[in-house]
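Chemist:
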Amino acid sequence: DIVMIQTPLSLPVTPGEPASISCRSNQNLLHSDGNTYLHWYLQKPGQSPQLLIYGGSNRFAGVPDRFSGSGSGTDFTLKISQVEAEDVGVY
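Quick note, in full-length UniProt numbering, the sequence shown goes up one by one and the last residue is 91.
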């Protein structure tokens, strides 16, 4: 089984400041087909989850460029360059 650990579990932020979330897997998420199967979603209160980043680092259409994804293999990071109030939710 693949085990994912995301840190931190909770992150107090101030609008305008940067924020970063890390995710670590116990297995390499780079598949033999060349795709990285790590995606970042945001679920805002009262809404369905929305895709932010796919393949570890690819921003989904319409997602603001303040969101970026990086990493490979087992270690990945989601960064928000300048947090906005609308970014609150579960990642």
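Quick reminder that beta carbons are idealized off the backbone N, C-alpha and C, glycines included.
1) Start and end of the beta strand (DSSP E) containing Leu78?
2) Kindly indicate which residue of Asn35, Leu42, Gln27 has the alpha-carbon position closest to the one of Ile5.
3) Among the residues of its own chain, which have a CB less than 6 angstroms from the CB of Arg66, if the five just before and after it don't count?
4) Rounded to whole angstroms, what is the Cα-Cα separation between Ser20 and Ile2?
5) Would you call the CB atoms of Leu52 and Tyr41 closer than 8 angstroms?
Modeler: Once the coordinates are examined:
1) 75–80
2) Gln27
3) Ile80, Ser81, Gln82
4) 23 angstroms
5) yes
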